[in-house]
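Please read the structure below before turning to the comments.
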Amino acid sequence: MASEDEKGKEAVPAPPPGRRLDRRDVLLGLTTVPALGLFGYAWVKQRGYEQQRRAAAGGAKKAPAGREINVALLGAGAQGQVLLDSMLRIPGLRFRAVCDIWTEYNQKRVVNTLRKFKFEVNGYEDYREMLDKEKDLDAVVVASPDFWHAPHAVDCLKAGKHVYCEKEMSNTLEGARSMVLAARETGKLLQIGHQRRSHPRYLHCYEKLLGEAKILGRIVTVNGQWNRAVSPDIGYPERYAIPADRLKKYGFKSMEQFRNWRWYKGLGGGPIVDLGSHQIDIYNWFLGANPSYVMASGGNDYHDPKTHEWYDTAMVIYEFETKEGPVRAYYQTQTTNGSQGYFENFMGDQGTLVLSESEANYPGFLYRDPNAPPWDGWVQKGYVSAPKVQEAKPEGEEVTLDVRESVSPDLHRVPVVLRDPYHQPHLENFFDTIRGDAKLHCPAEIGYETAVTVLKVNEAIEARQRLSFRPEEFRI
Ligand SMILES: NC(=O)c1ccc[n+]([C@@H]2O[C@H](COP(=O)([O-])OP(=O)(O)OC[C@H]3O[C@@H](n4cnc5c(N)ncnc54)[C@H](O)[C@@H]3O)[C@@H](O)[C@H]2O)c1
Numbered sequence: 000m001a002s003e004d005e006k007g008k009e010a011v012p013a014p015p016p017g018r019r020l021d022r023r024d025v026l027l028g029l030t031t032v033p034a035l036g037l038f039g040y041a042w043v044k045q046r047g048y049e050q051q052r053r054a055a056a057g058g059a060k061k062a063p064a065g066r067e068i069n070v071a072l073l074g075a076g077a078q079g080q081v082l083l084d085s086m087l088r089i090p091g092l093r094f095r096a097v098c099d100i101w102t103e104y105n106q107k108r109v110v111n112t113l114r115k116f117k118f119e120v121n122g123y124e125d126y127r128e129m130l131d132k133e134k135d136l137d138a139v140v141v142a143s144p145d146f147w148h149a150p151h152a153v154d155c156l157k158a159g160k161h162v163y164c165e166k167e168m169s170n171t172l173e174g175a176r177s178m179v180l181a182a183r184e185t186g187k188l189l190q191i192g193h194q195r196r197s198h199p200r201y202l203h204c205y206e207k208l209l210g211e212a213k214i215l216g217r218i219v220t221v222n223g224q225w226n227r228a229v230s231p232d233i234g235y236p237e238r239y240a241i242p243a244d245r246l247k248k249y250g251f252k253s254m255e256q257f258r259n260w261r262w263y264k265g266l267g268g269g270p271i272v273d274l275g276s277h278q279i280d281i282y283n284w285f286l287g288a289n290p291s292y293v294m295a296s297g298g299n300d301y302h303d304p305k306t307h308e309w310y311d312t313a314m315v316i317y318e319f320e321t322k323e324g325p326v327r328a329y330y331q332t333q334t335t336n337g338s339q340g341y342f343e344n345f346m347g348d349q350g351t352l353v354l355s356e357s358e359a360n361y362p363g364f365l366y367r368d369p370n371a372p373p374w375d376g377w378v379q380k381g382y383v384s385a386p387k388v389q390e391a392k393p394e395g396e397e398v399t400l401d402v403r404e405s406v407s408p409d410l411h412r413v414p415v416v417l418r419d420p421y422h423q424p425h426l427e428n429f430f431d432t433i434r435g436d437a438k439l440h441c442p443a444e445i446g447y448e449t450a451v452t453v454l455k456v457n458e459a460i461e462a463r464q465r466l467s468f469r470p471e472e473f474r475i
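Given below as structure tokens:
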């Protein structure tokens with residue numbers, strides 16, 4: 000079998016008999032350029048991405064020797080664990096405390112894990128006690144349920160800590176607003192956990208493909224989705240059930256509600272907030288605008304509304320007024336069929352970009368519209384891969400195509416792959432900013448704009464009306 004290097008030495012592939020070598024063949028051949036070929040270039044580029052950004056934000060300084068960051072995790076559930084797994088890969092962090100009200104289960108698990116890694120950590124049930132006792136903390140990573148984000152983040156900021164807070168920033172706009180104000184008043188950092196903002200593929204698309212190359216031309220429509228198959232409610236081991244008085248103290252009516260808080264009004268926001276906020280955040284970011292209008296249809300079409308108070312299905316249309324003109328953006332989330340998973344799709348008059356955080360399903364596809372100017376220059380720069388010719392008709396099948404059939408666009412790839420866990424770059428960005436080596440990718444003000452955009456969907460569903468956004472709604 001040929002090694003990668005040997006494959007790289009292959010010549011430009013010969014065209015089929017009777018066809019001359021054309022631009023496409025040459026570009027296809029270029030993908031196999033040896034050593035620093037296009038993909039090698041893209042790989043080097045990707046690795047250098049964060050370093051470049053750090054350098055641009057104030058010099059690629061190393062953390063001063065001994066300048067470790069003392070960190071606490073507040074909320075040690077499913078996402079707390081995911082964040083911890085990423086943080087354990089980041090040098091220079093010293094874990095000091097874990098706060099979680101499920102002391103006998105989640106808190107214990109994470110404290111034990113950290114002790115295995117030789118960290119001297121204390122476990123707390125009440126975050127206020129943690130803030131009182133852990134005077135040396137520099138930063139708190141908050142991964143509690145959404146309705147706790149505002150009190151947790153605000154009190155941590157006021158205690159002089161930098162905060163990384165998971166999305167959704169808050170389940171209410173008042174909560175989100177109090178977080179922005181606390182960050183401003185204290186001068187402490189508040190990063191909201193919209194992790195795609197630090198994903199190298201998203202950054203490449205934003206900065207190089209849309210910003211520099213304007214590769215899609217004028218974006219006119221966007222669509223995206225997060226479809227999930229039906230899943231049973233989240234359970235818990237009976238013997239570790241939290242006593243009722245403790246549940247009540249922290250705002251939960253039962254263990255069932257404690258485990259499935261996302262579905263309950265006043266605690267979470269349902270799938271549009273839980274899933275949609277990630278992707279709708281990208282709509283605003285890539286379009287460089289906040290929406291002007293939203294209309295939405297949704298309901299509790301499948302699940303039992305007693306245990307699933309929020310809408311299990313939401314279909315949303317935003318209207319944006321961008322610098323280039325109007326854009327309509329559709330978004331769908333439903334929890335009864337996981338078909339085609341999750342992605343965002345930006346369509347311009349010169350091409351289409353389909354991307355997702357999912358490395359497996361939509362690692363970044365670009366389709367060049369047949370009428371668009373050639374992308375050869377961008378292929379040569381390594382910004383997009385060489386094209387793969389689309390099949391004009393299903394292979395091996397005798398079909399008759401209409402002569403007016405549209406020509407299939409060429410398929411290119413976004414040649415940037417994230418090899419670290421999905422959350423690592425965003426956490427790194429937070430810790431680098433604490434050290435003064437970077438700038439937050441999702442500061443409180445951006446998280447707030449996304450919260451305004453997303454929370455209004457539930458309002459629009461309830462109102463059964465097209466609702467407008469006033470520009471000042473996005474500002475504090
Ligand atoms: N960025 C992402 O991709 C992503 C993915 C999943 C979840 N999240 C977010 O992470 C957060 C947590 O979600 P999850 O799936 O881990 O939920 P979870 O229910 O699994 O975990 C929440 C944890 O917080 C603890 N907790 C609850 N109230 C508390 C309080 N007052 N003080 C201290 N601890 C408390 C619970 O005991 C539990 O261990 C949510 O805001 C969610 O939206 C983000």
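Note that numbering that gives the first Met the number 0 gives residue 301 to position 302 of the sequence shown, counting from 1, and the numbers run on in steps of one.
C-beta atoms are modelled at their ideal positions from N, C-alpha and C, and glycine is treated no differently.
#1: From this set, 221, 194, 296, which residue's C-alpha is nearest residue 81's C-alpha?
#2: Just the C-alpha distance for residue 262 and residue 270, rounded to the nearest angstrom, thanks.
#3: At the level of alpha carbons, what is the spacing between residue 467 and residue 327?
#4: Please determine, among 284, 73, 291, the residue with the shortest C-alpha to C-alpha distance to residue 441.
#5: Would you report the Cα separation of residue 235 and residue 220, rounded to the nearest angstrom?
#6: Output the residue ranges of the alpha helix (DSSP H) runs that lie fully inside the segment 361 to 391 and measure 4 residues or longer, sorted by chain position.
#7: According to DSSP, residue 449 sits in a beta bridge with which residue or residues?
#8: I'd like to know if residue 380 contacts chain D, where contact means its C-beta is closer than 8 Å to some C-beta of that chain.
#9: Give me the Cα-Cα distance between residue 110 and residue 148, rounded to the nearest whole angstrom.
#10: Tell me which residues share the same chain as residue 212 and place their Cβ nearer than 7 Å to its Cβ, disregarding the 5 neighbours each side in the sequence.
#11: Measuring straight from C-alpha to C-alpha, what distance separates residue 114 and residue 97?
#12: Mark residue 264 as exposed unless 16 or more other C-beta atoms lie within 10 angstroms of its C-beta, in which case mark it buried.
#13: Is residue 327 helix, strand or coil when you go by DSSP?
#14: Identify whether residue 71 lies in helix, strand or coil by the three-state DSSP scheme.
#15: In angstroms with no decimal places, state the Cα-to-Cα distance between residue 242 and residue 249.
#16: Might you give, ordered along the chain, the residues of its own chain that have their beta carbon closer than 6 Å to the beta carbon of residue 137, omitting 5 neighbours on each side?
#17: Is the beta carbon of residue 72 sitting closer than 8 Å to the one on residue 140?
#18: Measuring straight from C-alpha to C-alpha, what distance separates residue 146 and residue 267?
#19: So does residue 231 have its beta carbon nearer than 7 Å to some heavy atom of ligand 1?
#20: Distance check for residue 363 and residue 59, CA to CA, integer angstroms please.
#21: Got a sec: does ligand 1 put a non-hydrogen atom nearer than 7 Å to the Cβ of residue 75?
#22: Taking DSSP's pairing of strands, which residues face residue 333 in a bridge?
#23: Taking the beta carbon of residue 403 as the centre, do at least 16 other beta carbons fall within 10 Å, making it buried, or is it exposed?
#24: At a threshold of 7 Å, does residue 134 count as lining ligand 1 (C-beta to nearest heavy atom)?
#25: Answer yes or no: do residue 489 and residue 291 have a C-beta to C-beta separation smaller than 8 Å?
#26: With distances taken Cα to Cα, identify the nearest neighbour of residue 407 among 416, 295, 369.
#27: Would you give the residue range spanned by the alpha helix (DSSP H) that residue 85 belongs to?
#28: Apply the 10 Å Cβ neighbour rule to residue 456 and answer buried if 16 or more other Cβ atoms are within range, or exposed otherwise.
#29: Which term fits residue 324, buried or exposed, when burial requires 16 or more other beta carbons within 10 angstroms of its beta carbon?
#30: Taking the alpha carbon of residue 462 as the reference point, which residue from 296, 332, 273, 106 has its own alpha carbon closest?
#31: Label residue 229 either buried or exposed according to how many other C-beta atoms from any shown protein chain fall within 10 Å of its C-beta, with 16 as the threshold for buried.
#32: With contact counted as at least three CB pairs below 8 Å, one residue from each stretch, are the segment 424 to 431 and the segment 179 to 195 in contact?
#33: With contact counted as at least three CB pairs below 8 Å, one residue from each stretch, are the segment 351 to 360 and the segment 305 to 318 in contact?
#34: Looking at residue 107 and ligand 1, is the gap between the Cβ and the nearest heavy atom below 7 Å?
#35: With distance defined between alpha-carbon atoms, name the residue in 199, 299, 305, 322 nearest to residue 311.
#36: Report the three-state DSSP secondary structure of residue 469 (helix, strand or coil).
On the basis of the supplied data:
#1: The residue you call residue 81 lines up with position 82 of the sequence shown. Ranking the options by Cα distance to residue 81, first place goes to 194.
#2: As a position in the sequence shown, residue 262 is number 263, starting the count at 1. As a position in the sequence shown, residue 270 is number 271, starting the count at 1. Their Cα atoms are separated by approximately 8 Å.
#3: In the sequence shown, the residue the question calls residue 467 occupies position 468. In the sequence shown, the residue the question calls residue 327 occupies position 328. So the two alpha carbons sit approximately 14 Å from each other.
#4: Position 442 of the sequence shown, counting from 1, holds the residue named residue 441. The shortest Cα separation from residue 441 among 284, 73, 291 belongs to 284.
#5: Mapped onto the sequence shown, residue 235 falls at position 236. Mapped onto the sequence shown, residue 220 falls at position 221. Approximately 43 Å, taken between the alpha carbons.
#6: 375 to 379
#7: In the sequence shown, counting from the first residue as 1, residue 449 sits at position 450. Note: residue 449 sits in no beta bridge, so no partner.
#8: The structure shown contains no chain D, having only a single protein chain.
#9: On the sequence shown, residue 110 is found 111 positions in, with the first residue counted as 1. On the sequence shown, residue 148 is found 149 positions in, with the first residue counted as 1. So the two alpha carbons sit approximately 21 Å from each other.
#10: For this step, residue 212 is matched to residue 213 along the sequence shown. Excluding positions up to five away in sequence, the list reads 377, 382.
#11: Here residue 114 is taken as the residue at index 115 of the sequence shown, counted from 1. Here residue 97 is taken as the residue at index 98 of the sequence shown, counted from 1. Straight-line Cα distance between these residues: approximately 11 Å.
#12: Indexing the sequence shown from 1 puts residue 264 at position 265. Label assigned to residue 264: exposed.
#13: Here residue 327 refers to the residue found at position 328 when the sequence shown is read from its first residue. It is a strand residue.
#14: For this step, residue 71 is matched to residue 72 along the sequence shown. Residue 71 falls in the strand class under three-state DSSP.
#15: For the purposes of this step, residue 242 is taken as residue 243 along the sequence shown, with counting starting at 1. For the purposes of this step, residue 249 is taken as residue 250 along the sequence shown, with counting starting at 1. Looking at the two C-alpha atoms, the distance is approximately 11 Å.
#16: Mapped onto the sequence shown, residue 137 falls at position 138. So the list reads 68, 69, once near-sequence residues are dropped.
#17: By one-based count along the sequence shown, residue 72 stands at place 73. By one-based count along the sequence shown, residue 140 stands at place 141. The answer is yes: Cβ separation under 8 Å.
#18: As a position in the sequence shown, residue 146 is number 147, starting the count at 1. As a position in the sequence shown, residue 267 is number 268, starting the count at 1. In a straight line, the C-alpha of residue 146 is about 6 Å away from that of residue 267.
#19: Mapped onto the sequence shown, residue 231 falls at position 232. No.
#20: Counted from its first residue, the sequence shown places residue 59 at position 60. Counted from its first residue, the sequence shown places residue 363 at position 364. With a pLDDT of only 35 at residue 59, under the threshold of 50, the placement of this residue in the model should not be trusted; the figure read from the coordinates follows. Their Cα atoms are separated by approximately 29 Å.
#21: Residue 75 sits at position 76 when you count from the first residue of the sequence shown. Checking the Cβ of residue 75 against ligand 1 gives yes.
#22: Within the sequence shown, numbered from 1, the residue matching residue 333 stands at position 334. Note: residue 333 sits in a beta bridge opposite 226, 312.
#23: On the sequence shown, position 404 is the one that residue 403 refers to. Its Cβ having fewer than 16 others within 10 Å, residue 403 is exposed.
#24: Looking up residue 134 in the sequence shown gives position 135. Every heavy atom of ligand 1 is 7 Å or more from the Cβ of residue 134, so no.
#25: With the chain covering only 0 through 475, there is no way to say anything about residue 489.
#26: Indexing the sequence shown from 1 puts residue 407 at position 408. Looking at the Cα atoms, 369 is the closest of the given residues.
#27: Mapped onto the sequence shown, residue 85 falls at position 86. Looking at the DSSP string, the run of the alpha helix (DSSP H) that includes residue 85 is 77 to 86.
#28: Here residue 456 corresponds to residue number 457 of the sequence shown, with the count starting at 1. With 16 or more Cβ atoms within 10 Å of its Cβ, residue 456 is classed as buried.
#29: Stepping through the sequence shown from its first residue, residue 324 is reached at position 325. Exposed, by the Cβ-count rule.
#30: For the purposes of this step, residue 462 is taken as the residue at position 463 of the sequence shown. Ranking 296, 332, 273, 106 by Cα distance to residue 462 puts 296 first.
#31: As a position in the sequence shown, residue 229 is number 230, starting the count at 1. Under this definition residue 229 is an exposed residue.
#32: yes
#33: no
#34: In the sequence shown, the residue the question calls residue 107 occupies position 108. Result no, Cβ not under 7 Å from ligand 1.
#35: By 1-based counting over the sequence shown, the position of residue 311 is 312. Measuring from the Cα of residue 311, the nearest candidate turns out to be 299.
#36: Position 470 of the sequence shown, counted from the first residue, corresponds to residue 469. Here residue 469 sits in coil by DSSP.
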